[in-house]
Amino acid sequence: MRSHLLNDSTAEHYRRSVTEGIERVAAKLAATDRPFTGISVDALAPRIDGIDLDRPLHDTAAVLDELEEVYLRDAVYFHHPRYLAHLNCPVVIPAVLGEAVLSAINSSLDTWDQSAGGTLIERKLIGWTTERIGLGPAADGVFTSGGTQSNLQALLLAREEAKAESLADLRVFASEASHFSVKKSAKLLGLGPDAVVSVPVDHDQRMQTVALARELARCAQDGLVPMAVVATAGTTDFGSIDPLPEIAELCAQYDTWMHVDAAYGCGLLASVKYRDRIDGIERADSVTVDYHKSFFQPVSSSAVLVRDSATLRHATYHAEYLNPRRMVTERIPNQVDKSLQTTRRFDALKLWMTLRTMGADGIGQLFDEVCDLTAEGWRLLAADPRFDVVVRPSLSTLVFRYIPAAVTDPSEIDRANLYARKALFASGDAVVAGTKVGARHYLKFTLLNPETTTDDLTAVLDLIAGHAEQYLGESLDRAC
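What follows is the structure, encoded as structure tokens:
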């Protein structure tokens with residue numbers, strides 16, 4: 087079994103095995119003509135359930151053959167231009183190369199004696215990102231597993247900085263369209279069930295600062311402590327960007343921590359055309375970025391950034407076997423001192439490889455392309471009487487609803503849209519997402535692929551309309 091360990095004596099075996107795997111994936115990518123096969127859970131589950139993990143195949147080629155059957159054939163392929171559903175991006179090749187390197191070397195980014203150069207590369211990228219944001223010379227941060235962890239750590243720091251006598255007194259303010267991880271973080275941090283105050287949004291799904299001011303004033307009047315305001319730069323459902331400068335003013339007025347969840351909108355940090363859409367982010371106390379959304383990086387690649395590096399001490403614990411206190415005075419850089427995680431992948435390498443190959447402008451141009459495409463998509467939807475489109479996009483999301491000419495019952499229209507999404511997924515021709523606006527069901531395009539065209543959007547809209555009309559026709563037949 088030692089022949090499977092990666093070391094100096096198995097380097098050639100490693101080269102052959104990885105090359106074979108890469109060739110299989112490359113062939114699959116080249117031959118994929120739709121984002122999904124449409125396979126059902128009931129059809130796929132028995133294939134995987136029937137595999138006996140205690141009877142290995144002992145051959146890489148055989149394992150890859152099996153993988154074709156249980157994964158590669160039926161995977162959802164985000165690189166396809168008609169994958170339009172969630173915040174999953176196609177990935178750039180330099181980042182995939184970085185993934186291969188970091189997996190083979192297997193550095194752990196918790197301490198210097200496990201990562202050395204990896205530690206310095208991650209720190210350099212954190213500095214690059216905080217400079218792009220404009221957080222100032224005392225800024226710092228650390229890579230995380232994703233936006234949920236980044237938001238959790240940011241709110242942990244905000245909780246500790248608030249210095250309330252009782253956790254029950256703390257309040258967090260976030261818009262109705264903010265990410266669910268804000269409420270999840272509050273619960274994990276021991277805050278009460280009323281701790282997160284939901285602030286209404288305007289017609290463009292942006293936080294209403296008048297309502298925020300009112301809630302902050304009520305909080306102070308009630309003797310409670312405003313722990314943090316979470317502004318969102320790119321909501322998951324609408325891509326909306328809260329009014330950051332106005333929120334920053336209110337946070338300064340009430341001495342409240344300002345966190346910006348820019349997991350989605352962080353691509354604007356590299357944008358050539360639209361950087362001004364997140365003006366005000368430089369006034370944040372902490373920022374979440376997900377490079378694996380709008381920087382075209384493989385999962386996972388995220389970071390939490392802070393204005394004042396000293397606040398990261400709230401995540402610091404020392405262990406004699408790992409990062410004893412003496413290492414601080416010896417100026418040994420241990421990233422575990424800043425992180426909620428201990429063992430941690432060298433995910434920063436993917437972004438490093440990308441920037442060193444493409445440059446920030448290269449990333450920004452790709453993100454600008456999807457923003458431009460989304461603006462075109464909005465015009466298509468606004469001009470099409472078959473659809474109701476909700477918000478003029480700030481990023482790359484379109485939320486819309488099929489409206490049949492002959493049907494007025496909102497519940498029946500809901501069912502037609504739900505059916506259209508399900509039928510489209512089952513066909514494998516395209517993948518779209520869904521959400522609710524108020525009490526009504528809507529469909530959603532999340533556009534993160536520069537290869538997607540307006541012709542793709544038009545074709546998918548026609549497919550949606552066709553499936554919805556089919557459902558309504560069958561429903562009418564059943565009623566008769």
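Residue 87 is where the sequence shown starts when you use my numbering, and the numbers rise one by one after that.
Even glycine gets a Cβ: it sits at the ideal position worked out from N, Cα and C.
For Asp135, there is no enclosing beta strand (DSSP E); the residue is part of the alpha helix (DSSP H) that begins and ends at 127–135. Residue state for Ile418 is assigned as coil, using DSSP reduced to three classes. Shown here, Asp226 sits in a strand according to DSSP, grouped into three states. Between Leu256 and Leu243, the CB-CB gap reaches or exceeds 8 Å. Note on the region 351–412: whole alpha helix (DSSP H) runs with a minimum of 4 residues are 377–380, in chain order.
DSSP places Ile327 in the strand class (E or B) of the three-state scheme. The C-beta separation of Ile333 from Met344 comes to about 7 Å, placing the pair in contact by the 8 Å criterion. Annotation for Lys530: the continuous beta strand (DSSP E) segment containing it runs 526–532. Of the residues assessed, Pro121 falls on the buried side of the cut-off, its CB having 16 or more other CB atoms within 10 angstroms. Burial check for Ser261: the Cβ neighbour count within 10 Å reaches 16 or more, so the residue is buried. Under the three-state reduction of DSSP, Asp423 is assigned to helix. Contact between Cys352 and Val385 fails: their C-beta atoms lie close to 15 Å from each other, not under 8 Å. Contact check for Val518 against Phe531 passes: the beta carbons are separated by less than 8 Å. With a threshold of 16 other beta carbon atoms within 10 Å, Gly309 falls short and is exposed.
Per DSSP, Ser264 is not a residue of any beta strand (DSSP E), being assigned neither H nor E. Taking a contact as a CB-CB distance under 8 Å, the pair Ala434 and Asn503 does not count as one, their CB atoms being some 41 Å apart. By the neighbour-count criterion, in which a residue is buried when 16 or more other Cβ atoms sit within 10 angstroms of its Cβ, His265 is buried. A distance below 6 Å between beta-carbons, with the five flanking residues on each side excluded, links Gly514 to the following residues of its chain, in chain order: Arg120, Phe122, Thr123, Gly124.
Beta-bridge analysis with DSSP links Leu256 to Val311. In this structure, the straight-line span from the alpha carbon of Leu130 to that of Asp138 is close to 16 Å. Rounded to the nearest whole angstrom, the C-alpha separation of Ala396 and Glu246 is 12 Å. In the three-state DSSP reduction, Tyr163 falls in the coil class, being neither helix nor strand.
With respect to the C-alpha of Pro479, the residue from Ala319, Glu155, Met313, Thr544 having the closest C-alpha is Ala319. Between Asp365 and Leu330, the CB-CB gap stays under 8 Å. Here Ile499 is buried. Its C-beta has 16 or more other C-beta atoms within 10 Å.
According to the DSSP secondary-structure assignment, Met344 is paired through a beta bridge with Val315.
Residue state for Thr123 is assigned as coil, using DSSP reduced to three classes.
The beta carbons of Glu98 and Arg133 sit no closer together than 8 Å. Around the beta carbon of Glu416, fewer than 16 other beta carbons sit within 10 angstroms, so the residue counts as exposed. Residue pairing of Lys522 in beta bridges, as defined by DSSP: His527. Counting only the Cα atoms, Val178 lies some 11 Å from Glu185. Per the coordinates, the alpha-carbon of Leu543 lies some 40 Å from the alpha-carbon of Lys273. Residue state for Arg168 is assigned as coil, using DSSP reduced to three classes. As computed with DSSP, Thr483 is found in a beta bridge with Thr532. Counting other Cβ atoms within 10 Å of its Cβ, Arg431 reaches 16 or more and is therefore classed as buried.
Between Ala516 and Val546, the C-beta gap is smaller than 8 Å, which places the two residues in contact.
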